[in-house]
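Numbering (our numbering), first residue to last: 270 to 502.
Put into structure tokens, the structure is as follows:
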């Protein structure tokens, strides 16, 4: 059922982040268990411009105390586009370990105050490559389910298939929309600079940072669970 006041269109979404799906089919919530997930959406500070929604969006602290499959993995951005390039409305949302997206008011669907119609749906994350539906989806006030974990998005290899689940590609440590291991504006050098170019075995713990590509709260260049291998792979 839809909460009173959620007019416009509503959408249930499922997605997965490559960096957080270390094994099995349930993502890890290392950022949450380390108390690193901010209460306020982080994307405005990272340079993203929301269309329609307020930038002053935050969540109730109790959301971050939930454990198990519904525990919060991280913040995402969801866009509705009237065509493949024009954003009609965008808003922050929360990703749970089992792949469900939750609205910032706690609803298990996302509300967009736009007219019913056909929209492309885009999911963004701060250090993963974005994904978009291959075609426009008919949306109304009654929420339909769009499951990006079972379909691949628009484009060739738009997502990575991991453990039978389609995931957003991890490793965009620069946030420029490209995964690159060597050369100018690559994603590897920022990791090395973070830990120290002369101390590659060092780590930077307890951070909420784009360079933490596997979302465990630590920037790590070498060794087990490092953030560099994801970019190389």
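We put the beta carbon where it would ideally sit given N, CA and C, even for glycine.
- If you draw a straight line from the alpha carbon of residue 492 to that of residue 347, how long is it in whole angstroms? Looking at the two C-alpha atoms, the distance is approximately 34 Å.
- Message: What does the alpha-carbon distance come out to for the pair residue 463 and residue 400?
- Response: For the pair residue 463 and residue 400, the Cα-to-Cα distance works out to about 28 Å.
- Query: If residue 341 sits next to residue 477, beta carbons under 8 Å apart, how far is it from one beta carbon to the other, in whole angstroms?
  - Reply: That belief does not hold up - the Cβ atoms of residue 341 and residue 477 are roughly 13 Å apart, past 8 Å.
- Message: Given this structure, state the Cα-to-Cα distance separating residue 330 from residue 308, to the nearest angstrom.
- Response: Between the C-alpha atoms of residue 330 and residue 308 there is a straight-line separation of about 7 Å.
- Roughly how many angstroms separate the alpha carbons of residue 482 and residue 278, rounded to a whole number? Here the alpha carbons of residue 278 and residue 482 stand approximately 33 Å from one another.
- Message: Any contact between the region 284–292 and the region 432–440? By contact I mean 3 or more CB pairs, one from each, below 8 Å.
- Response: Short answer: they touch.
- Message: Which residue wins for smallest C-alpha separation from residue 406, given the options 344, 418, 392, 388?
- Response: Among 344, 418, 392, 388, the Cα nearest to that of residue 406 belongs to 388.
- Message: Going by DSSP in three states, residue 289 sits in which element: helix, strand or coil?
- Response: Shown here, residue 289 sits in a helix according to DSSP, grouped into three states.
- Task: Rank 487, 325, 281 by C-alpha distance to the C-alpha of residue 381 and give the top, closest one.
- Result: The candidate whose alpha carbon is nearest that of residue 381 is 281.
- Query: Count the other CB atoms within 10 Å of the CB of residue 327; is the residue buried (16 or more) or exposed (fewer)?
  - Reply: Here residue 327 is exposed, its C-beta having fewer than 16 other C-beta atoms within 10 Å.
- For the candidate residues 445, 443, 427, 444, whose alpha-carbon lies nearest to that of residue 437? Minimum Cα-Cα distance from residue 437 among the listed residues 445, 443, 427, 444 corresponds to 427.
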